[in-house]
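Student:
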Amino acid sequence: MSDVETPETAEKEELLTEAEKKALIALRRDEAAALRRWWQRLTLTPHELEKLTKQRSLPRGVRAVLRRCDSAEAAMLTQGFRELWAMLPESTKQTDYRDEQLQVWSCIALVAAELRKEESGVSLAKRLGQQKEQTGKPLMSELRFQQLLSCRTPEEFIQRLRRALALADKKGVSVVLLASVIALWWREHRGRLSAKPTQRLGFVLANDYFAATSGYSHRKD
26 MSDVETPETA
36 EKEELLTEAE
46 KKALIALRRD
56 EAAALRRWWQ
66 RLTLTPHELE
76 KLTKQRSLPR
86 GVRAVLRRCD
96 SAEAAMLTQG
106 FRELWAMLPE
116 STKQTDYRDE
126 QLQVWSCIAL
136 VAAELRKEES
146 GVSLAKRLGQ
156 QKEQTGKPLM
166 SELRFQQLLS
176 CRTPEEFIQR
186 LRRALALADK
196 KGVSVVLLAS
206 VIALWWREHR
216 GRLSAKPTQR
226 LGFVLANDYF
236 AATSGYSHRK
246 D
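All the letters of the sequence shown, read from the start, carry residue numbers 26 to 246 under the numbering used here.
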């Protein structure tokens, strides 16, 4: 049984920045807040965590087990995922799309476990577009970025997300914005494409990536 202490509404709101609240497309705010608190319990040291919440750190090894999973289905069987599922709002779990939600959130758990240190408000695409040292090149090449955009299966998507986080040194990304991208990919994978182009995965990722690269790629022009 999980020892989850559900945060009060005010605390949940404080877990998200205003920029994150505006950028969330495929996650609700209460889902994003629950995810961030779970990630903190999974990743932070007990000393770091006690400054943020009375909830306890998850046992050592829980994160490592998630990181060894090679599929959403495997992650679904782990304690790490069960802890996350327990923290999610009941409205997320009690739905006609329960099976799909299990897949989405187990995928989120698996990928989020790779993140060692987050940066609130920074999307994965923005991080990947940042300059690598002083090379004038992004952390992820445009070719690899296009490959990330074109994933067709959950397995390929998970693999490329893990590689992307590795290129970003597994830090400097908002865990809630990372999860929103994953949830959005699943939504489109299921054929539910937004009528608004600005809320589609390709636009969301490309907009952040190329906005980041434009900060240094044209300095010599």
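Beta carbons: idealized from backbone N, C-alpha and C, even for Gly.
Predicted model, so just to flag it, every value in this text is computed and none were measured.
Alpha carbon to alpha carbon, what distance is there between residue 150 and residue 178?
Tutor: Along the sequence shown, read from residue 1 onward, the residue named residue 178 stands at position 153. Along the sequence shown, read from residue 1 onward, the residue named residue 150 stands at position 125. Near 19 angstroms, if we compare the C-alpha coordinates of residue 150 and residue 178.
Student: I'd like to confirm the pairing. Which residues does DSSP put opposite residue 198 in its beta bridges?
Tutor: By one-based count along the sequence shown, residue 198 stands at place 173. Listed as beta-bridge partners of residue 198 by DSSP are 143.
Student: Quick check on residue 163: does DSSP put it in helix, strand or coil?
Tutor: Here residue 163 is taken as the residue at index 138 of the sequence shown, counted from 1. Three-state DSSP puts residue 163 in a strand.
Student: Return the chain-ordered ranges of every alpha helix (DSSP H) run that is complete within the segment 53-123 and spans a minimum of 4 residues.
Tutor: 54-68, 71-75, 87-93, 97-100, 104-112, 115-118
Student: Using DSSP with H/G/I as helix, E/B as strand and the rest coil, what is residue 246?
Tutor: Numbered from its first residue, the sequence shown carries residue 246 at position 221. Annotation note: pLDDT 43 at residue 246 (below 50); position unreliable, no value reported.
Student: Between the segment 155-175 and the segment 89-104, do three or more beta carbon pairs fall short of 8 angstroms?
Tutor: no
Student: Give every residue of the same chain whose Cβ lies closer than 8 angstroms to the Cβ of residue 236, excluding the five residues on either side of it in the sequence, and list them in chain order.
Tutor: Within the sequence shown, the letter at position 211 stands for residue 236. 151, 154.
Student: First and last residue of the alpha helix (DSSP H) that includes residue 183?
Tutor: Working through the sequence shown from its first residue, we reach residue 183 at position 158. It spans 179-192 - the alpha helix (DSSP H) in which residue 183 sits, taken as one unbroken run.
Student: Answer yes or no: do residue 96 and residue 180 have a C-beta to C-beta separation smaller than 8 angstroms?
Tutor: Numbered from its first residue, the sequence shown carries residue 96 at position 71. Numbered from its first residue, the sequence shown carries residue 180 at position 155. Contact flag set, yes.
Student: Rank 105, 169, 69, 101 by C-alpha distance to the C-alpha of residue 230 and give the top, closest one.
Tutor: As a working note, residue 230 is residue 205 in the sequence shown. Among 105, 169, 69, 101, the Cα nearest to that of residue 230 belongs to 169.
Student: Would you check if the distance between the CB atom of residue 60 and the CB atom of residue 133 is smaller than 8 angstroms?
Tutor: For the purposes of this step, residue 60 is identified with residue 35 of the sequence shown, where counting begins at 1. For the purposes of this step, residue 133 is identified with residue 108 of the sequence shown, where counting begins at 1. Taking 8 angstroms as the Cβ cut-off, residue 60 and residue 133 qualify as a contacting pair.
Student: Residues bridged to residue 156 by DSSP?
Tutor: To locate residue 156, count along the sequence shown from 1; it is residue 131. DSSP, once it has assigned bridges, lists 163 as partnering residue 156.
Student: Just to confirm, does residue 126 get its C-beta within under 7 angstroms of one of the non-hydrogen atoms of the ligand GDP?
Tutor: As presented, the structure is devoid of all ligands, the ligand GDP included, so that no description of it is given.
Student: Using the three-state DSSP reduction, which class does residue 215 fall into: helix, strand or coil?
Tutor: Within the sequence shown, residue 215 is the residue found at index 190, counting from 1. Of the three classes helix, strand and coil, the one that applies to residue 215 here is coil, per DSSP.
Student: For residue 31, which residues in the same chain have their Cβ closer than 7 angstroms to its Cβ, ignoring the five residues on either side in sequence?
Tutor: By one-based count along the sequence shown, residue 31 stands at place 6. Legend: pLDDT at residue 31 = 46, less than 50; position of this residue unreliable, value from coordinates given subsequently. Exclusion of the five residues before and after residue 31 leaves no residue of its chain whose Cβ lies closer than 7 angstroms to its Cβ.
Student: From which residue to which residue does the alpha helix (DSSP H) around residue 220 run?
Tutor: Counting from 1 along the sequence shown, the entry for residue 220 is found at position 195. First-last for residue 220: undefined, no H or E at that position.
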